[in-house]
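**Q**
Numbering (this note's numbering), first residue to last: -6 to 221.
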């Protein structure tokens, strides 16, 4: 009987140590990655002064230092679900919510990109019906653009059933490249607008790839359309 009790005590002690070791291991997180900075025209930017990345949980916050080429790493980190904030001067803060980090000895990689906000000014919006198809036209001016000839510009169109449409108050949206003529004018067919009536507003976004997080420019005038 005493042998059995001794064996049971030793077994429980080993289990307890193992659980503590597992708990300790699960709490350890090592994260590293790179932050990429782009101009609104897709040019790679190299000034990482005052760039920061912060991981926040309900009662925890960890900040990583970013080096001169955008790399960061953090080892004093614990498991959990984090909101991540990436900030840089001249850029809109990027927020990524609910990112899960699990414990272990391996590095976990998290790379992020920021683009400067678009400085494209969109104006003179109008909607016309051409043989049953709707077209949106207007003007786009970007004084910082490196292009001097006819070129394409990238915009995002927001839709709503009221004139209160905006980047934060809309029912749908999509991004499209539009061709600009020598007078800075554009025209593009509208998609996803098969309603009897709707309103839309347009903003410039960075002109490269499929990236416009935090890069939305100043909203244009609101324009509406009705079949009635």
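Think of the CB as a built atom: it goes at the ideal place given N, C-alpha and C, for glycine as much as any other residue.
Since this is a predicted model, take the numbers as computed values, not measurements.
Considering only residues of the same chain and omitting the five flanking positions on each side of residue 73, which have a CB-CB separation below 6 Å?
**A** Closer than 6 Å at the Cβ level, and outside the excluded window around residue 73, lie 50.
**Q** Give the secondary structure of residue 30 by DSSP, where H, G and I count as helix, E and B as strand, and everything else as coil.
**A** If DSSP states are grouped into helix, strand and coil, residue 30 belongs with the strands.
**Q** Any chance the region 54 to 61 sits against the region 126 to 141, with 3 or more Cβ pairs inside 8 Å?
**A** Judged by Cβ distances under 8 Å, the region 54 to 61 makes no contact with the region 126 to 141, as fewer than three pairs qualify.
**Q** Considering only DSSP beta bridges, list what residue 172 is partnered with.
**A** Answer by DSSP bridge pairing, in chain order: 145.
**Q** Do you know offhand how far residue 103's Cα is from residue 95's?
**A** If you take the alpha carbons of residue 103 and residue 95, they lie about 13 Å apart.
**Q** On a Cα-Cα basis, can you pick out the residue from 29, 116 and 112 that is closest to residue 136?
**A** Of 29, 116 and 112, the residue nearest in Cα terms is 112.
**Q** Using alpha carbons as the reference points, say which of 192, 32, 40 and 70 lies closest to residue 214.
**A** Closest option to residue 214, Cα to Cα, is 192.
**Q** Give the DSSP bridge partners of residue 180, in chain order.
**A** 130, per the DSSP bridge assignment.
**Q** Report the three-state DSSP secondary structure of residue 107 (helix, strand or coil).
**A** Reduced to three states, the DSSP call for residue 107 is strand.
**Q** Does DSSP put residue 102 in a helix, a strand or coil?
**A** In this structure, residue 102 counts as strand in the three-state DSSP scheme.
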